[in-house]
Amino acid sequence: MKTALHYVGVLALICAMAAGLLATVHEITSEPIASSRKRVTLEAVRTVLPPFETLADAETVKTIVTDPSAPEMAAAFSAGRLIGAAVKVTDPDGFGGDVTFMVGVTSDAKVHAIRLLAHKETPGLGTKLGDPIFTKQFQGLAIPAGGLRVHKDGGTIQAITGATISSRTATRAATRAVEHFEKVKNQLAQAASQAQPAQGGPRG
């Protein structure tokens with residue numbers, strides 16, 4: 001009996017030590033991971049927007065935009081005027097599930113640029129959603145009635161060969177980004193006073 005209790009005690013001690021170690025590792029790694037994600041997101045924001053002087057990040061915008069359905073977005077300004085927003089949109093209907101994009105929308109409600117952030121598509125095909133040959137098709141586009149579409153669906157976007165379903169995620173994401181921007185554009189303009197200078201000068 002004493003031997004059994006001894007083993008139980010040892011096992012409990014080992015479990016406690018393991019739990020403590022895991023908690024320590026989580027504490028040590030969580031901040032760097034969060035910081036890395038923030039840097040990646042900020043870089044994506046900068047690459048999809050026209051040159052800007054100040055930026056109201058997603059956390060700031062969240063305190064101003066009252067629409068609960070609005071996706072994560074950052075608002076860009078020059079001379080205190082709203083010049084556009086970077087809108088993070090996840091389309092759930094990719095071939096392998098969620099596909100996430102950052103879409104830059106200009107103040108006149110046109111797509112400035114689109115960048116692939118994450119996907120679960122077929123290896124080799126999904127990554128082509130971020131290929132400039134594909135993404136440059138979106139530059140300067142306004143959203144027509146019914147939204148942007150690939151050629152097969154009667155639209156102007158040439159789908160990636162063998163990846164029509166994946167290509168549709170980009171057209172839907174761009175459409176939704178512009179639609180959301182138009183809904184909250186006036187509220188975004190109010191973020192000018194809280195926008196912070198772009199590090200290293202104007203960005204675009």
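Just so we're aligned, residue 1 is where the sequence shown starts under this note's numbering, counting upward by one. Glycine is no exception: its CB is placed at the ideal position from the N, C-alpha and C atoms.
- Counted as a single uninterrupted DSSP element, the stretch harbouring Arg-149 is not any alpha helix (DSSP H), since DSSP gives it neither H nor E.
- Going by DSSP, Ser-166 is part of the alpha helix (DSSP H) stretching over 164-189.
- For Lys-62, the enclosing alpha helix (DSSP H) starts and ends at 58-62.
- By the neighbour-count criterion, in which 16 or more other beta carbons inside 10 Å mark a residue as buried, Lys-88 falls on the buried side.
- Within its own chain, the residues whose Cβ lies closer than 6 Å to the Cβ of Thr-106, once the five positions on either side in sequence are excluded, are Gly-84 and His-112, listed in chain order.
- Look at the beta carbons and you see the segment 173-183 touching the segment 139-153: at least three pairs across the two are nearer than 8 Å.
- Out of Thr-54, Phe-101 and Asp-131, the CA that lies nearest to the CA of Leu-82 is found in Thr-54.
- Here the alpha carbons of Val-99 and Pro-50 stand approximately 24 Å from one another.
- Taking Gln-137 as the centre and dropping the five residues before and after it, the same chain places the C-beta of Ile-157 closer than 6 Å to its C-beta, in chain order.
- Per DSSP, Thr-156 lies in no alpha helix (DSSP H) segment and is marked neither H nor E.
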